[in-house]
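Novice: Each protein sequence line maps, in turn, to chains A and B.
For the first sequence, the numbering used here begins at 5 and goes up steadily by one.
For the second sequence, the numbering used here begins at 269 and goes up steadily by one.
Glycine included, each C-beta is placed from N, C-alpha and C at the ideal position.
Quick caveat: nothing in here was measured; it's all calculated off a predicted structure.
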Amino acid sequence: MNDALFIHRIHFAFTVTYHYLFPQLTMGLAPLIVVLKTLALRTNQAIYDDAARFWTKIFGINFVAGVVTGIPMEFQFGTNWARFSEFTGGVIAQPLAMEAVFSFFLESAFLGLLLFGERRLGRRGHWWAAFMVFAGSWLSGFFIVAADAWMQHPVAYRILPGGRFEVTSFWGVLTNPWALIQYAHTMSGALTTGSIVMAALGAFYLLNRRDSAFGAIFLRVGVVAGIIATAAQIFPTGDLHGKYMARHQPATTAGMEALFQSAAGAPMVILGQPDIEHQRIDNPIVVNKLLSFLIYGTTRAEVKGLDQIPKDQWPTNIPLLYFAYHVMAGLGTVFLAIMAVAAFLLWRGALQQSRWMLWILMLTTPFPFIANTAGWLVAETGRQPWLVYGLLRTEQGFSANVSAANGLFTLLGFMGLYAVLTLFYLFLIERQIAEGPAPAVPGAHA
Amino acid sequence: MMQTVWFILVAFMLTAYVVLDGFDLGAGALHLLAARTDEERRLLLRSIGPVWDGNEVWLLAAGGTLFYAFPLLYASSFSGFYLPLSIVLWLLVLRAIAIEFRAHLANSLWHDFFDGMFCIASLLLLVLFGAALGNVIRGVPLGKDHYFFVPLWTDFTPGPNPGALDWYTALCALMAIAATSLHGALYVAMKTTGRLQTRMAAIANRLWPAVAIGTAAGLAATVAVRPRVLDNYRAVPVGWIIPIAVVVALGGMRYCSRRASERNAFLFSCAYMTAMLAGAAFALYPVLLPSGNDPALSLTIWNSSAGPSSLSIGLIWWSIGMAIAIGYFTLVYTMFRGKVDNRAGDGHY
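1) Could you tell me how far apart the beta carbons of A:Ala150 and A:Pro99 are, in whole angstroms, since I believe they sit closer than 8 Å?
2) The alpha helix (DSSP H) that contains A:Trp175, what's its start and end?
3) Taking CB distances under 8 Å as the criterion, tell me whether B:Tyr596 reaches chain A.
4) Please return the same chain residues whose Cβ sits closer than 6 Å to the Cβ of A:Ala328, not counting the five positions on each side in sequence.
5) Kindly list the residues whose CB is nearer than 6 Å to the CB of A:Leu40, restricted to its own chain and excluding five residues on each side of it in sequence; keep chain order.
6) Tell me whether A:Phe431 is buried or exposed, calling it buried when 16 or more other Cβ atoms sit within 10 Å of its Cβ.
7) So which residues of chain B does A:Pro76 contact, with C-beta pairs closer than 9 Å?
8) Would you tell me roughly how many angstroms separate the C-alpha atoms of B:Gly613 and B:Arg370, rounded to the nearest one?
9) By Cβ distance below 6 Å, which residues in the same chain neighbour A:Arg224 in space, the five residues on each side in sequence not counted?
10) Is any beta-carbon of chain A found at less than 8 Å from that of B:Ser566?
11) Alpha carbon to alpha carbon, what distance is there between A:Ile185 and A:Leu164?
12) Please tell me whether A:Gly411 and A:Arg87 are closer than 8 Å, where the distance is taken between their beta carbons.
13) Chain A partners of B:Tyr285, CB-CB under 9 Å?
14) Under 7 Å between beta-carbons, which chain B residues line up against A:Ser141? List them in chain order, please.
15) I need the boundaries of the beta strand (DSSP E) containing A:Leu391, first residue and last residue.
16) Quick one: measure Cβ to Cβ for B:Gly322 and A:Ala113, integer angstroms, because I've assumed they're closer than 8 Å.
17) Does B:Met590 have its Cβ less than 8 Å from a Cβ in chain A?
18) Hey, quick one: how far does the beta strand (DSSP E) through B:Asn429 stretch, first residue to last?
19) Have a look at the DSSP bridge pairing and note the partners of A:Arg162.
20) Go through its chain and collect everything with a Cβ distance to A:Gln312's Cβ below 7 Å, but skip five positions before and after it.
21) Taking Cβ positions only, does B:His451 come closer than 8 Å to chain A?
22) Just checking: is the beta-carbon of B:Ser525 within a distance shorter than 8 Å of some beta-carbon in chain A?
23) Which residue comes first and which comes last in the alpha helix (DSSP H) that contains A:Asn66?
24) For A:Asp243, collect the residues of the same chain with a Cβ closer than 8 Å to its Cβ; drop the 5 residues on either side in sequence, then sort them by chain order.
25) Would you tell me roughly how many angstroms separate the C-alpha atoms of A:Gly167 and B:Asp562, rounded to the nearest one?
26) Using a Cβ-Cβ cut-off of less than 7 Å, give me the residues of the segment 337-354 of chain B that come near chain A, in sequence order.
27) Helix or strand or just coil, what does DSSP make of B:Arg370?
28) What is the DSSP secondary structure of B:Val504, counted as helix, strand or coil?
29) In chain order, which alpha helix (DSSP H) runs of at least 4 residues are fully inside the segment 552-604 of chain B?
30) With A:Ile274 as the anchor, note down where its beta strand (DSSP E) starts and where it stops.
31) Distance, Cα to Cα, B:Met458 vs B:Ser315?
32) Going by Cα to Cα distance, which pick from A:Gly198, A:Tyr187, A:Leu263 is closest to A:Leu36?
33) Determine the DSSP secondary structure at A:Leu118, reduced to helix, strand or coil.
34) Please identify the residue among B:Trp378, B:Ala453, B:Val608 whose C-alpha is closest to the C-alpha of B:Leu475.
35) Please work out which residues of its chain come closer than 6 Å, Cβ to Cβ, to A:His12, disregarding the five sequence neighbours upstream and downstream, and give them in chain order.
36) May I ask you to verify whether the segment 66-78 of chain A touches the segment 16-35 of chain A, counting CB pairs closer than 8 Å and requiring at least 3?
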């Protein structure tokens with residue numbers, strides 16, 4: 005493997021993976037803050053305003069971390085993937101530039117009002133500020149997913165002499181079916197993170213026997229949103245995504261499942277390690293015919309295996325793809341199970357007393373971040389060896405004029421910088437949690 | 269034709285970035301010098317607090333638009349200026365953290381740490397942005413494949429093998445510090461009262477001669493380093509209106525700050541920045557990034573642009589998006605008009 009290519013891949017992978025730890029929480033919390041603000045308006049109870057204000061503080065810290073780690077991404081297409089940018093800028097920069105123009109300006113205008121404008125805006129005005137920030141962050145997510153979806157499933161383009169792509173329809177890139185499915189799946193993933201974090205912090209306060217009234221609210225909102233998000237994660241969004249992928253990126257599906265031989269009535273591997281050399285699964289636990297059924301709705305359908313795909317078009321790292329997919333799907337299933345039990349207990353009015361369940365919810369906190377990361381790993385390693393599926397290979401896209409040493413230099417710089425950012429972030433979040441949601445002076449809210 | 273339209277649009281966005289983010293970068297560069305007490309520093313941060321982030325979005329919007337309209341320029345320059353640009357990104361991260369995290373802890377060490385970070389990051393960003401403009405005017409050693417790579421510095425001369433920093437781009441960096449600090453000082457003086465305002469007005473008075481001399485010296489150096497910058501002015505003499513605007517704006521700035529007309533002094537500073545950038549854009553057109561060695565290898569709006577369909581489709585989202593963005597800016601700056609007050613608890617900073 006070309007050294008520089010490897011460094012540029014790791015460079016982008018590291019910075020984007022780290023970045024996405026924050027926006028998934030931003031996009032997950034934003035609608036929940038709107039829910040809290042709505043409850044406050046509906047019930048006229050100040051505790052919902054206090055609850056929203058508390059989450060807004062955490063949201064604000066998280067938002068800053070998302071913004072500062074996002075800025076480098078906008079530039080890294082050019083710095084580290086120059087030839088990719090040269091070829092595809094006329095298409096892919098449409099959603100990227102639209103993100104800045106349509107959502108960053110919006111967010112920058114309303115975030116300050118959400119964080120610090122509560123007194124000046126009044127209750128309804130402040131609700132709108134929360135809503136606009138939610139809209140901005142979800143719009144932002146859409147443009148990024150649309151850009152990625154175009155790389156997964158290029159549409160509405162023409163190739164000019166010399167190899168540059170150009171867009172042929174304004175709506176084409178934005179209404180790419182792949183983008184719509186991937187967006188729904190990504191957003192339910194973000195909402196899964198947001199609702200698990202909210203429910204987990206509620207559980208934490210209840211287990212600690214402090215701020216119980218707030219803990220109960222966080223728990224209720226988190227679990228209700230969580231059951232919706234975790235269910236939608238699997239059906240319909242995950243289901244649709246899997247089916248669409250099997251039809252348009254059969255090599256990716258075969259790699260995710262480590263399906264070496266095409267088969268009618270293909271089995272689904274639940275556990276096991278792919279052995280690329282011998283083209284088999286070690287220590288397999290499989291469910292017969294399940295894969296055919298999930299993709300085509302019938303147990304008899306044939307699923308394309310890697311044997312039907314030229315070796316130079318196999319995903320370049322099948323074990324990583326396979327494990328990332330299994331981690332994502334496995335965790336997604338566990339989240340749904342946890343949320344189903346929690347929702348049942350909530351419905352029976354027994355959740356707050358079920359300390360075992362509160363423990364489980366609290367300890368679930370890190371896993372949605374892992375699941376979302378694994379999901380993006382599936383998308384990006386699954387697309388390999390392509391940058392633009394079927395059209396532009398990864399080794400054609402990196403900045404050949406930037407040496408491996410220079411790439412390593414800035415990669416190390418980003419690692420150091422993000423290590424520092426992590427410390428500040430965790431410190432400030434911990435302080436907010438320790439300080440708690442109760443207003444400093446009881447009844448001091450406007 | 270479309271290429272020229274996009275040249276103007278990208279130049280407009282970059283100018284908006286420099287004029288808007290310029291004042292909060294300039295305020296940052298003067299932060300430690302002009303704002304001495306915690307109260308003054310909070311006042312300074314409050315004067316840029318609600319707007320700095322939106323100002324910085326112009327950089328992202330301009331970058332994205334450049335990527336779309338001139339993909340080859342985006343690809344070649346961002347990878348060619350890899351090292352200085354990466355440092356810019358680090359500084360942007362540090363600066364944003366400094367502004368936003370400072371207020372989270374009521375502790376003087378914490379405040380001092382982030383005050384220092386804010387000031388140094390702002391100052392270094394001005395160095396890098398100034399040098400970047402210098403590089404674009406001086407030219408870079410573009411290869412036949414349209415790519416290049418400049419180290420941070422070589423022998424500090426703008427010869428055939430230049431670094432990002434040489435005597436000419438260093439001069440541009442100094443000029444950027446002076447002009448942008450002046451811009452920031454006039455802004456903060458306009459937005460604040462008390463000792464901070466007095467000090468900022470005094471700093472602005474002292475910086476003005478440096479900027480005036482720097483403008484003349486910078487122009488002379490530019491003509492020496494790259495005589496072709498005068499070609500467009502010779503061909504289209506109406507362009508001389510731009511340097512005249514620079515001189516008028518400089519004079520207006522002085523006149524208004526002498527008469528303590530803060531708002532107009534700041535507006536003249538905006539005009540000065542705009543005219544300086546317009547002058548550079550006018551001199552470059554239709555070149556986007558000159559080749560230092562063989563002029564035929566320069567990146568121009570013709571060889572760097574996206575396809576015709578992209579360029580016309582882009583006008584749809586660009587014009588709608590810009591109309592909305594200008595709406596937001598009008599809203600935010602209207603809500604934030606007038607002097608920021610010193611009351612604790614008003615806002616975050």
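Specialist: So, to answer that:
1) 4 Å
2) 174-178
3) yes
4) Ala378, Leu381, Val382
5) Tyr52, Ala55, Ala56
6) exposed
7) Ser354, Leu357, Trp358, Leu360, Val361
8) Annotation note: pLDDT 49 at B:Gly613 (below 50); position unreliable, coordinate value reported separately. Cα to Cα, the separation comes out at about 15 Å.
9) none
10) no
11) 29 Å
12) no
13) Those do not exist, as B:Tyr285 stays about 11 Å from chain A at its closest Cβ, beyond 9 Å.
14) None at all; the shortest Cβ gap to chain B is about 14 Å.
15) 390-392
16) 6 Å
17) yes
18) Neither: B:Asn429 is in no beta strand (DSSP E) and is coded neither H nor E.
19) A:Glu170
20) Ser266
21) no
22) no
23) 50-84
24) Leu298
25) 25 Å
26) Pro339, Leu340, Tyr342, Ala343, Ser344, Phe346, Ser347, Gly348, Tyr350, Leu351, Leu353, Ser354
27) helix
28) coil
29) 569-572, 576-603
30) 272-279
31) 9 Å
32) A:Gly198
33) helix
34) B:Ala453
35) Asn84, Phe402, Gly411
36) yes
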